[in-house]
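Numbering (the numbering used here), first residue to last: 30 to 321.
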């Protein structure tokens, strides 16, 4: 929905082309045909650099801000050595595996200096409870009301989203929480505690004044689980809430958009929207994750 006008979103996933037709640019033709459909917005949120170039040649654009991923390290020493230990070069892997043994000591020494905000309570009366499909629908409607472009979920769509969120056991444990302050709901988050030890954020929603509290509760839960880091993508009113933390930013998979309506493109590029990873290719992740 753009302002109060209903619009249709087509979410594009990976292109699958049999080898015999690749030389005929079948993938490009399929993408061109899809982008020319009756929908007001086409989007793909897991694109490679090659697909980005093809998308732009066909008239689309990259949502630069939404393509930025953030990482807040909770255990910086352990995170560093874990990533070094999986490096492709043996000269990097070998010492990292030995140094991993002393990483917890380094993290204890850095604890209060590295992320001082993590040692402040998100809210003395803040708490979480499981996020149900019904509460997700209600909160999404309420908390996105001020966004210029917002996704409005039908009940059956929300049920399907929650089914997909639990369809891949290899992603890790699903963390779907509603956040309350003094008993009043202020937001929610959906994330995975992955086998790699990181918490990957799929959706986080709150009004601007409460986003720092909701993010704080997500970080506190990740910390209580001994997670290495919390990761996510820039979306909605999240950027301001990230500012007090030592966060690392980088370009991740490209978020691609195409629309004949400038106001839609502007709203998404300005993060004036509740679009998130649960609204597109990230939800099913067909390229990387087998079904449980």
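Virtual Cβ for every residue (Gly too), placed ideally from N, Cα, C.
Rounded straight-line distance, which links the Cα of residue j to that of residue i
| i | j | result |
| --- | --- | --- |
| residue 42 | residue 309 | 8 Å |
| residue 236 | residue 180 | 16 Å |
| residue 77 | residue 247 | 29 Å |
| residue 258 | residue 228 | 6 Å |
| residue 54 | residue 69 | 25 Å |
| residue 104 | residue 226 | 10 Å |
| residue 210 | residue 102 | 26 Å |
| residue 305 | residue 96 | 11 Å |
| residue 284 | residue 158 | 31 Å |
| residue 269 | residue 250 | 20 Å |
| residue 89 | residue 287 | 5 Å |
| residue 82 | residue 281 | 15 Å |
| residue 93 | residue 79 | 16 Å |
| residue 323 | residue 91 | Residue 323 is absent from the model: the chain starts at 30 and stops at 321. |
| residue 203 | residue 108 | 21 Å |
| residue 182 | residue 173 | 11 Å |
| residue 67 | residue 111 | 47 Å |
| residue 84 | residue 56 | 11 Å |
| residue 223 | residue 198 | 10 Å |
| residue 238 | residue 47 | 50 Å |
| residue 61 | residue 193 | 28 Å |
| residue 252 | residue 156 | 15 Å |
| residue 321 | residue 33 | At residue 321, the pLDDT of 42 sits below 50, so the modelled position is not reliable and the matter cannot be decided from this model. |
| residue 154 | residue 188 | 30 Å |
Best match in the options for proximity to residue i [C-alpha to C-alpha]
| i | options | result |
| --- | --- | --- |
| residue 276 | 283, 263, 286, 285 | 263 |
| residue 169 | 241, 265, 92, 222 | 265 |
| residue 297 | 81, 74, 63 | 74 |
| residue 292 | 101, 166, 178, 58 | 178 |
| residue 254 | 238, 221, 286, 239 | 221 |
| residue 245 | 223, 174, 206 | 206 |
| residue 71 | 39, 98, 91 | 39 |
| residue 167 | 176, 193, 217, 147 | 217 |
| residue 30 | 301, 311, 313, 215 | 301 |
| residue 219 | 279, 312, 60 | 312 |
| residue 161 | 195, 176, 155, 147 | 195 |
| residue 98 | 32, 278, 191 | 278 |
| residue 36 | 252, 294, 299 | 294 |
| residue 303 | 61, 165, 154, 214 | 165 |
| residue 256 | 155, 62, 193, 201 | 201 |
| residue 299 | 176, 274, 192, 273 | 176 |
| residue 100 | 274, 290, 32 | 274 |
| residue 289 | 64, 171, 154 | 64 |
Exposure of residue i, with buried meaning 16 or more beta-carbon neighbours within 10 Å
| i | result |
| --- | --- |
| residue 144 | buried |
| residue 86 | exposed |
| residue 184 | exposed |
| residue 45 | exposed |
| residue 212 | exposed |
| residue 58 | exposed |
| residue 261 | buried |
| residue 319 | Its pLDDT being 49, under 50, residue 319 is placed unreliably in this model, and the coordinates cannot settle the point. |
| residue 234 | buried |
| residue 272 | exposed |
| residue 49 | exposed |
Supposed close pair residue i, residue j - CB separation, criterion 8 Å
| i | j | result |
| --- | --- | --- |
| residue 242 | residue 208 | 7 Å |
| residue 21 | residue 231 | With the chain covering only 30 through 321, there is no way to say anything about residue 21. |
| residue 106 | residue 139 | 7 Å |
| residue 307 | residue 190 | 6 Å |
Contact test: residue i Cβ vs the ligand GDP heavy atom, cutoff 7 Å
| i | result |
| --- | --- |
| residue 39 | Annotation note on the ligand GDP: not contained in the displayed structure, which lists no ligands. |
Q: Please specify which runs of the beta strand (DSSP E), each continuous and at least 3 residues long, are wholly inside the segment 158–213, giving them in chain order.
A: 202–210
Q: Ignoring anything shorter than 3 residues or poking outside the segment 235–263, list the beta strand (DSSP E) runs there in chain order.
A: 258–262
Q: Any chance you could list the beta strand (DSSP E) runs of at least 3 consecutive residues sitting entirely within the segment 37–65, in chain order?
A: 38–40
Q) Which whole runs of the beta strand (DSSP E) in the segment 259–296 are 3 residues long or more, in chain order? A) 276–280, 283–287
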